[in-house]
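For reference, the structure is listed below as structure tokens.
Protein chains: 2
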Amino acid sequence: MLTLDLIKQAAERIAGRVHRTPAMTSRAFNEVAGCEVFFKCENLQRAGAFKARGATNKILSLTDDEKKRGVLAVSSGNHAQAVALAAREAGVRAVVCIPNDAPKMKVAGMRTYGADIRVFDRHKDDRDAFGRDIAERENLVHVPAYDDYLIMAGQGTCGLELLEEVSDLDSVMTPCSGGGLFAGVSTAAKAIKHSIKCFAVEPETANDTQQSIAKGERVKVSPPPTIADGLRVQTPGARTFPITQANADAVLTVTDDEILGAMRFMLFRMKIVVEPSGAAAAAAVLARKTPNSVRRVGVVLSGGNVDPEILARALEENR
Amino acid sequence: MLTLDLIKQAAERIAGRVHRTPAMTSRAFNEVAGCEVFFKCENLQRAGAFKARGATNKILSLTDDEKKRGVLAVSSGNHAQAVALAAREAGVRAVVCIPNDAPKMKVAGMRTYGADIRVFDRHKDDRDAFGRDIAERENLVHVPAYDDYLIMAGQGTCGLELLEEVSDLDSVMTPCSGGGLFAGVSTAAKAIKHSIKCFAVEPETANDTQQSIAKGERVKVSPPPTIADGLRVQTPGARTFPITQANADAVLTVTDDEILGAMRFMLFRMKIVVEPSGAAAAAAVLARKTPNSVRRVGVVLSGGNVDPEILARALEENR
């Protein structure tokens, strides 16, 4: 079960191994958004995304025997990078399975961290079966990208930090893909402040969580075409979904143009680089998609690993 | 005279009106640079550059009569933005004189802060005479971009903060244009730690300070073609130059390509946006132009106001 205690244990376990990222503010952003926003800068996290938290928590929790076997991760990029980094630091072998269209920057990161990379076709292969086969054949421990309580607890530590650093938040928002980040952050937030509102944000072409909540059960969508490469998971996790159902006051969606506009704003006004997936929650605030009751909101900027071609699109005018 | 006391007074005066910017580190940068680097992130400063420090210190030091008259600044962009911001907050009228090729982002900032903008031709007009004429005609108080002890003291506060935050620095480096930032930071640094080395960094096509130190007197160069729009001043200041002469252990130069390479590294690896002028000192470290004795260095990233076209150039591969 995912509890505040499990998140606090994760925070202790990963302390000193991942960054305590800053909570940044921008008067310019607040003016456009019409509310006070506190950005949790996981784009400045080690390996460039919040994923370092969960992966580090999970790998440090393995038994000695499991560490000897080595680990496997299936991921669009950031989770694989995080597992590669955490495994290297723990002296554990890592195999990562990534889609053939994973961002070059993320693949370069995995290489730097010494991972053994295997590539699947995002449109043809079943990513889970692809990873499971390799894990069985090579006797590796699977480190799930989100559907695991130790992973969720690790991701939740960024929510814990945000609530410790910023008082009186009335709401928190995170991007949502498999649901690990939202589950962790919302669990921490609601345990600390019962009345806080929690919003999950998806690209409108990748709204599997929104559809699943509307239907009351997990819905699977086609491979989404969104620019947000980290938010292309096709269905919520079996373990994350009940938590998202319980904690999400709403699931909001944003367009790719809104994401690019938010990236552009953050580049030129806040001087920080945020990847498309990482900018989704900020995009929802900037486009004023939050309820009017939201006055003081914590927004997770979940990652900063972006390829030059995508960053170039964010530079274009008139967004 | 510029003293540590004057810088400490400036720090008190501007506290709460400008940001205490973070000192950022990057393992990836250290690996390439071969030494430990602590970045003072003035790109995250209010109005996007260290200039907010000096302008705020100067304008808060004006007499009531001077405040009533209003102020004038001549600047390639960042100083004008800073004066516009500090003047607005002090309820003072501001006129800013800028070159016709000033970055659009910087001009937009001045407009936002409500400044009255006058444009001169960088290749034809004498910028000083242009500003002096307007100041006389409209009875405005000139707020110099660098050649003023209150301005230098304000800029020096970022050096003061850096030395307070990071122990045992063996050297500090700043970009150098008119010399106000270098004078302030080096004065603070040498007063706090006598043995510290101070390096000023210029674009190689705008090396007026390097030439002036070699000759022992102020040399004036032609309008420099460098991409670093904030470092195009043609000659060191009359008041800054003797301080630079006394404090500079060396003046280093960088090419535009080295600057763009450093910007690119910081975008993709550190997830921060630095403008060309702001990246000059970091570029010198990344290109290993510092003496081998430099092991633990404070580097000022002096600004982050950059136009999309320039940022697009930094995205290009193979630098």
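Chains D and F supply the protein sequences, listed in that same order. Heads up: the first sequence begins at 9 in our numbering, then just goes up one per residue. Heads up: the second sequence begins at 9 in our numbering, then just goes up one per residue. Just so it is clear, CB atoms sit at the ideal spot from N, CA and C, and this is done for glycine as well.
query	result
Gly167(F) (DSSP reduced to helix, strand or coil)	helix
Leu12(D) versus Ala256(D): straight-line alpha-carbon distance, rounded	17 Å
Local conformation of Pro183(D) per DSSP, three classes	strand
Nearest to Asp264(D) (by Cα), restricted to the options Gly122(D), Met278(D), Gly99(D) and Leu319(D)	Leu319(D)
Gly56(F): contacting residues in chain D (beta-carbon distance under 8 Å)	Lys279
Residue interval of the alpha helix (DSSP H) (run including Val193(D))	Gly188 to Ile200
As assigned by DSSP and simplified to three states, the class of Leu7(F)	What the structure shows of chain F is the stretch from 9 to 327, and residue 7(F) is not part of that stretch, so it cannot be assessed.
Minimum Cβ-Cβ distance from Arg327(D) to chain F less than 8 Å	Here the model assigns Arg327(D) a pLDDT of 44, short of 50, so the residue's position is not dependable, and the following value carries that caveat. No, Arg327(D) does not count as interfacial toward chain F.
Proximity below 8 Å, CB of Gly186(F) to CB of Ala161(F)	no
CB contact below 8 Å: Leu275(D) versus chain F	yes
Extent of the continuous alpha helix (DSSP H) run through Lys223(F)	Asp216 to Lys223
The stretch 305–320 of chain F touching the stretch 273–287 of chain F, judged by at least three CB pairs closer than 8 Å	yes
CA-to-CA distance, Ala214(F) to Arg240(F), given in whole angstroms	6 Å
Residues that Lys48(F) bridges to, as DSSP identifies them	Ala31(F) and Val308(F)
Residue burial classification, Pro233(D) (beta-carbon count within 10 angstroms, cutoff 16)	exposed
Beta-bridge pairing of His150(F) - partner residues as DSSP gives them	Leu80(F)
Where Arg25(F) falls: helix, strand or coil (DSSP)	coil
Backbone CA spacing between Asp109(F) and Arg130(F) [nearest angstrom]	8 Å
Sub-8 Å separation of Ala98(D) and Ile67(D) beta-carbons	yes
Alpha helix (DSSP H) segments (min. 4 residues) lying fully within the stretch 48–119 of chain F	59–68, 72–77 and 86–98
Reduced DSSP secondary structure (H/G/I, E/B, other) of Asp315(D)	coil
Residues in the stretch 288–318 of chain F having any Cβ partner in chain D nearer than 7 Å	Gly312 and Pro316
Span of the alpha helix (DSSP H), counted from its first residue to its last, around Glu210(F)	No alpha helix (DSSP H) holds Glu210(F); the beta strand (DSSP E) holding it covers Lys205 to Pro211.
Thr217(F) and Pro244(F) closer than 8 Å at C-beta	yes
Presumed contact (8 Å Cβ cut-off) between Thr33(F) and Leu52(F), rounded CB distance	That belief does not hold up - the Cβ atoms of Thr33(F) and Leu52(F) are roughly 15 Å apart, past 8 Å.
Met113(F) at chain D interface by Cβ criterion, 8 Å	yes
Any chain D beta carbon closer than 8 Å to Val26(F)	no
C-beta atoms of Cys43(D) and Ile280(D) nearer than 8 Å	no
Closer than 8 Å to chain D by CB, Ala320(F)	yes
Contacts around Glu317(D), its chain only, beta-carbon distance under 6 Å, and the 5 residues preceding and following it disregarded	none
Beta-carbon proximity of Ala197(F) to Arg272(F), cut-off 8 Å	no
Met118(D) versus Gly78(F) - alpha carbon distance	56 Å
Residue-level contact to chain D via CB, Pro183(F), 8 Å cutoff	no
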